[in-house]
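Peer 1: In our numbering, the protein residues as written are 4 to 254.
1. Let's see if you can read the secondary structure: which residues bound the alpha helix (DSSP H) around residue 192?
2. Could you tell me whether the Cβ atoms of residue 68 and residue 26 are closer together than 8 Å?
3. Where do the N-terminal and C-terminal ends of the alpha helix (DSSP H) with residue 216 fall, by residue?
4. Does the region 161-171 come within contact of the region 85-94, defined as at least 3 CB pairs closer than 8 Å?
5. Just verifying my parser: in three-state terms, what is the DSSP assignment at residue 109?
6. When the Cα of residue 164 is compared with those of 153, 180 and 38, which residue comes out closest?
7. How would you call residue 90, buried or exposed, if buried means at least 16 neighbouring beta carbons within 10 angstroms?
8. Cα-Cα, which of 229, 161 and 195 is closest to residue 99?
9. What is the DSSP secondary structure of residue 80, reduced to helix, strand or coil?
10. Looking at C-beta atoms only, is the number of pairs between the region 37-55 and the region 108-122 that lie closer than 8 Å three or more?
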């Protein structure tokens with residue numbers, strides 16, 4: 004059987020580190036939001052985007068999704084031997100999610116946060132400033148619309164990976180991570196796109212804990228998971244050769 008490189012111990016350890024780093028980045032984002040004063044003034048909101056703390060947050064979040072592509076490749080790679088079709092389809096869902104996030108966060112960082120405040124300062128008349136102030140609201144509406152395929156693709160990948168998982172000793176950790184993520188996404192999408200956004204405050208309060216509940220078990224699973232090849236080699240019995248020499252591995 005062709006060796007699956009993403010099942011290797013080195014890749015699993017690196018992917019677990021990415022999951023832990025993502026939790027750290029999300030914690031920094033929570034800290035950054037807590038330090039930035041809440042405002043309903045469109046001008047202050049626009050100019051606040053260019054603050055160094057917010058720029059640092061936006062950069063970290065943007066690059067974190069490149070790391071998540073690798074993390075999900077390793078997660079799907081661990082199930083490829085057992086359910087190759089489901090593994091590939093789940094990776095497609097995760098990849099779509101990450102690409103959409105990268106596109107949205109790139110526009111937000113390089114245009115909304117970096118270029119737009121400078122254009123506002125350079126505007127010489129009130130009409131131009133008023134037009135620039137409408138752009139963040141338009142971007143927010145576009146982002147909300149794109150969050151439907153974004154969330155659906157992440158939900159799709161999470162559900163399929165749960166079905167692709169086998170009965171290994173620690174696979175329950177991955178089922179907990181991806182299953183909980185699927186439930187969270189389904190409830191969130193129902194709230195936003197079906198019944199209307201009624202639980203935004205509750206979701207905001209629970210967002211960071213849910214990140215840890217999702218990605219911490221994922222990291223633990225990657226560190227504890229042993230592919231069939233590793234388990235068989237570690238448990239392979241030793242026997243002496245026919246000539247009475249040193250012990251040799253069976254098989």
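Glycine included, C-beta positions come from ideal geometry on N, C-alpha and C.
Peer 2: So, from the data block:
1. 174-196
2. no
3. 203-227
4. yes
5. helix
6. 180
7. buried
8. 161
9. helix
10. yes
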